[in-house]
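I have placed the structure first, in the form of structure tokens, so that the comments after it can refer back to it.
Residue numbers (the working numbering): 244 to 453.
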């Protein structure tokens, strides 16, 4: 086991996040964010929606059974574009050709956006917890590696025994840390996938506006 290489890898992690990963939330989220893309807490309707203003529609969609059913189907975990298009078309076909049509379609999008933003926030919270746990793991590794460095200069039998046990422990900890680190890029794609899905659904719904 190349202990010098492990020390350098852990040191690099600690330097990268040193002072930037306190366990508090809120304002610290942006500093703790481990992904390349910028942290955007929620999707802004103005960025993806080319229809009427939906401010003030939050929660109203849930009071209409037809809209609520369509929202539930459009935001289901398993997503297929063809199925979503069919749901939107079927919903639009039941709406009268009047001012109320655009309002109903806008409420449909408002519901989709609200649910998907909630799902996306949970993904972001999960990524932040994951990143903060990696920081804790890196700090533990750093502590253990510092102890190994001290034990290596101690010729006593007790030190030799402790050194052997600690080296095995660090090997396992390092492997787990690396495996989790390799999973981060995939986790970081999830919020972006939600953004893309919301944008696609927004365009589908907007196509049926008057």
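We put the CB at the ideal spot given by N, CA and C, even for glycine.
At a Cβ-Cβ threshold of 8 Å, residue 391 and residue 434 do not count as neighbours. Check the Cα spacing between residue 351 and each of 421, 370, 296 and 377: the tightest is with 296. Residues 430 of the same chain have their beta carbon placed closer than 6 Å to that of residue 370, with the five preceding and five following residues left out of the count. In the structure shown, the three-state DSSP call for residue 373 is helix. Contact annotation, residue 356 with residue 441: C-beta distance approximately 6 Å; criterion of less than 8 Å satisfied. Cα atoms of residue 294 and residue 272: separation of roughly 31 Å, rounded to the nearest angstrom.
Sequence-distant Cβ neighbours of residue 395 in its own chain, meaning closer than 7 Å and more than five residues away, are 406. If you ignore the 5 residues before and after residue 325, its C-beta comes within less than 8 Å of no other C-beta in its own chain. 385 is the residue among 329, 345 and 385 whose C-alpha sits nearest the C-alpha of residue 410. Scanning 399, 380, 285 and 432 for the CA closest to the CA of residue 412 turns up 380. The Cβ atoms of residue 275 and residue 401 lie no closer than 8 Å to each other. Less than 8 Å divides the Cβ of residue 448 from the Cβ of residue 331.
Our two residues, residue 345 and residue 452, have alpha carbons roughly 6 Å apart in a direct line. Residue 279 sits in coil when the DSSP states are folded into three classes, being neither helix nor strand. DSSP, read as helix, strand or coil, puts residue 320 in coil. For residue 428, the enclosing alpha helix (DSSP H) stretches over residues 400 to 449.
Setting aside the 5 residues that flank it on each side, residue 416 is surrounded in the same chain by 384, each with a C-beta closer than 6 Å to its C-beta; the list follows chain order.
For residue 337, the three-state secondary structure derived from DSSP is coil. About 4 Å separates the CB atoms of residue 354 and residue 314; that is less than 8 Å, so the two are in contact. With respect to the 8 Å criterion, residue 437 and residue 362 are classified as neighbours on the basis of their beta carbons.
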